[in-house]
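This report concerns only the one structure given below.
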Amino acid sequence: MRAMPPAAPGVHINVGTGNYPFGRCRLHPPTTRGLYLGSTAVLCISPESAGVRCAANQHLLSSRNTAKSFFPKQAKTTLKQIPDLARNTSISEIMLTVTESMLAKLLVAKQTCQVLYLELQKSNLTIQDTTLQKASANLPQIPPKRYLRQYNTLKGHQDKIAQIKWSSDSVKLVSACQDGFMIIWDAVSGLKLQAIPLDSPWVLLCAFAPLGRFVALAGLDNRCTVYKVEQPEDYYMQSRTNQMELRDRGRKIPRAHAAYVSACEFLADDQVLTASGDMTVALWDMEKHVRSRDFLDHCGDVLSLLVAPRERMLPQTFLLAGADGTVKLWDIRVKAPQALCQMSRVDINCVSLLPNGYSFVSGDDEGICKIYDFRSLCELEQYNLREQFEPPRLPGNNSPTSTRSMWLQFDAPGVVSLDLSHLGRILYACYADYGCLAWDILRKEIVELIGVGNGSHKSRISQVAISPDGQGLATASWDATIKIWST
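Residue numbers (the UniProt record's numbering): 1 to 487.
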């Protein structure tokens with residue numbers, strides 16, 4: 001091991017190469033020294049002020065005792081003057097010492113929350129006199145004429161399409177792809193309006209500003225890039241001649257997060273929200289180019305972010321879902337979340353809000369969609385794909401009647417995307433291995449399978465999105481195409 005030269009104040013250094021509880025540390029004192037093993041920084045401890053700030057959970061750990069253990073009372077500048085205890089301690093022991101108390105507190109807090117949630121759930125079940133399916137048993141079925149038909153196919157990408165988003169006018173569509181381009185489409189005509197070259201092909205998501213003047217893109221580079229959309233007067237002619245304008249480089253948000261950016265939404269044209277795998281959500285002011293606020297309350301990766309239209313949700317509010325199995329309602333004017341819903345014990349990948357603004361639907365890694373109501377703070381209904389395909393059992397026999405049903409019993413097709421129809425009666429859910437299914441949320445039954453048959457996608461459907469006016473549905477796939485569906 002060799003001594004690391006003095007680091008500048010505020011320098012970020014990656015800690016370790018594995019999935020440790022924290023991925024990077026911020027060095028506070030101006031004369032910070034650390035231990036190096038090869039080219040990887042192992043640990044950075046200051047003998048003076050000795051503050052290690054974990055960016056993953058935003059805790060400032062007091063390391064006075066740690067500094068006394070590894071350093072004499074006076075600041076030392078060479079590795080030879082460090083006590084033998086520091087040189088003889090393994091990397092795992094050092095990291096365990098730093099994070100042991102924090103992880104223990106976090107584990108206790110999680111267990112306490114689980115116990116309280118189970119007690120609350122039992123209390124709600126005692127007063128819940130019916131279910132959504134029973135209350136809607138006499139409603140008529142959805143007529144076949146309401147089933148969707150393919151309207152258009154958008155071709156132009158060369159690789160997997162990660163995400164698509166509609167503009168507020170329900171005419172344009174933006175798509176982020178791993179071929180290095182983000183394309184803005186005219187969903188009605190199928191023409192490409194603009195093609196934006198990307199700095200990184202490892203994109204995960206995109207977003208459209210409310211007024212349609214900006215688009216945002218983020219992914220595995222831990223950054224969010226905002227591009228200005230300017231439509232020339234003759235862009236229809238450029239599209240017809242296949243001479244699309246390549247936009248200039250966008251405006252990057254420097255050092256947005258310490259991990260991948262999992263979700264991005266425009267709260268307004270000058271405000272951007274970014275969610276990350278570092279368990280934080282940040283609000284950015286695009287006019288001042290500053291990070292105006294952090295939202296810190298999740299105990300796992302934040303996987304989904306929803307800013308609903310104003311007619312469905314109060315302004316300045318949004319929903320967050322994460323790997324800790326919770327969905328939280330936030331108001332940017334308040335420090336703490338306004339509502340906390342413990343939905344699952346596994347990752348929640350996506351959420352969508354019902355038109356009434358008081359209920360939402362979540363989809364998790366177990367392939368279960370759940371409707372939750374903020375007013376009653378309880379689950380109204382859940383939609384399990386296994387229940388639809390599980391065959392009847394023989395009397396007195398608890399085993400499935402076929403090997404196919406046994407395979408379904410152990411396979412969990414996770415929900416990767418979902419959206420609701422304009423009136424909220426139909427839930428469109430994309431599963432990892434089963435495509436896009438349409439649920440009647442009142443009768444709790446599958447009414448349609450999207451993207452199969454004639455003109456179907458040739459690979460996995462990665463996302464489904466309903467247009468704001470409810471007239472169109474778009475599905476994106478790994479076959480590099482986008483299909484528009486309508487009644």
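Every residue, glycine too, gets a C-beta built ideally from N, C-alpha and C.
Just so we're clear, the structure is a prediction, and the values are computed from it rather than from any experiment.
Could you check the C-alpha separation between G451 and L305 for me, to the nearest Å? 26 Å
Tell me whether the segment 122–133 and the segment 420–440 touch, counting them as touching only if at least three CB pairs, one residue from each stretch, are closer than 8 Å. no
Taking Cβ positions, are K328 and P315 nearer each other than 8 Å? no
In angstroms, rounded to a whole number, what distance separates the CA positions of residue 502 and A268? Since the first residue of the chain shown is 1 and the last is 487, residue 502 is not available in this structure.
C-alpha distance - F360 paired with L103, whole-angstrom precision: 32 Å
Contact belief for A474 with I482 at Cβ below 8 Å, rounded distance in angstroms: 6 Å
Could you give the C-beta distance for L205 and Q163, rounded to a whole number, given that I count them as a contact under 8 Å? 5 Å
Using a threshold of 7 Å, is the CB atom of I184 nearer than that to any non-hydrogen atom of the ligand ZN? The model on display carries no ligand, and the ligand ZN is accordingly not part of it.
Spatial neighbours of C341 in its chain, beta-carbon cut-off 6 Å, leaving aside the 5 residues before and after: V327 and Y372
Using the DSSP secondary-structure output, state which residues sit across from F374 in a beta bridge. Partner(s): none; F374 has no beta bridge.
Measure the Cβ-Cβ separation of L211 and R443 and say whether it is below 8 Å. no
Along the chain, where does the alpha helix (DSSP H) containing Q133 start, and where does it finish? L132 to A135
Limits of the beta strand (DSSP E) - the one that T481 falls within: T481 to S486
If you check the beta carbons only, do N344 and V351 fall under 8 Å apart? The sequence as given places Ser at residue 344; Asn does not occur at that position. For S344 and V351, no; Cβs fall outside 8 Å.
Got a sec? Which residues, its chain only, sit under 7 Å from D159 by beta carbon, not counting five neighbours each side? C177, Q178, D179 and A480
How should R223 be labelled, buried or exposed, when 16 other C-beta atoms within 10 angstroms of its C-beta is the threshold for buried? buried
If the criterion is Cβ atoms closer than 8 Å, does the pair Y428 and D419 meet it? yes
Cβ-based neighbour list, V346, same chain, cut-off 7 Å, excluding 5 preceding and 5 following: G325, D364, D365 and E366
Over what stretch of residues does the beta strand (DSSP E) that includes G435 continue unbroken? G435 to D440
Identity of the residues DSSP links to L306 by a beta bridge: L319
Drop a sphere of 10 angstroms on the beta-carbon of A109, count the other beta-carbons inside from all chains shown, and report buried for 16 or more, exposed for fewer. exposed
Could you check if I127 is buried or exposed, using at least 16 other CB atoms within 10 Å of its CB as the buried criterion? exposed
With 16 other CB atoms within 10 Å as the buried threshold, where does S417 fall? buried
When the distance is taken between beta carbons, is V229 closer than 8 Å to I161? no
Between the Cα of P197 and those of S292, A216, H289 and L191, spot the shortest distance and give me the residue it belongs to. A216
In whole angstroms, what separates the C-alpha of T383 from that of K370? Here residue 383 turns out to be Tyr, not Thr, going by the sequence shown. Going by the C-alpha atoms only, they are around 6 Å apart.
Return the first residue and the last residue of the beta strand (DSSP E) that Q128 is part of. Element bounds for Q128: n/a, residue is neither H nor E.
Looking at D186: is its Cβ nearer than 8 Å to the Cβ of S200? no
Going by beta-carbon coordinates alone, are R375 and Y358 separated by less than 8 Å? yes
Considering only DSSP beta bridges, list what K155 is partnered with. T481
Going straight from the alpha carbon of A308 to that of A209, what length do you get? 12 Å
Measuring CA to CA, which of S459, L320 and R312 is closest to A275? L320
Whole angstroms is fine: what's the gap from P144's alpha carbon to Q121's? 38 Å
Look up C113 in the DSSP assignment and say whether it is helix, strand or coil. helix
CA-CA distance, Q58 and S292? With a pLDDT of only 36 at Q58, under 50, the local geometry of the prediction cannot be trusted, and the value read off the model is given with reservation. Computed Cα separation, rounded: 16 Å.
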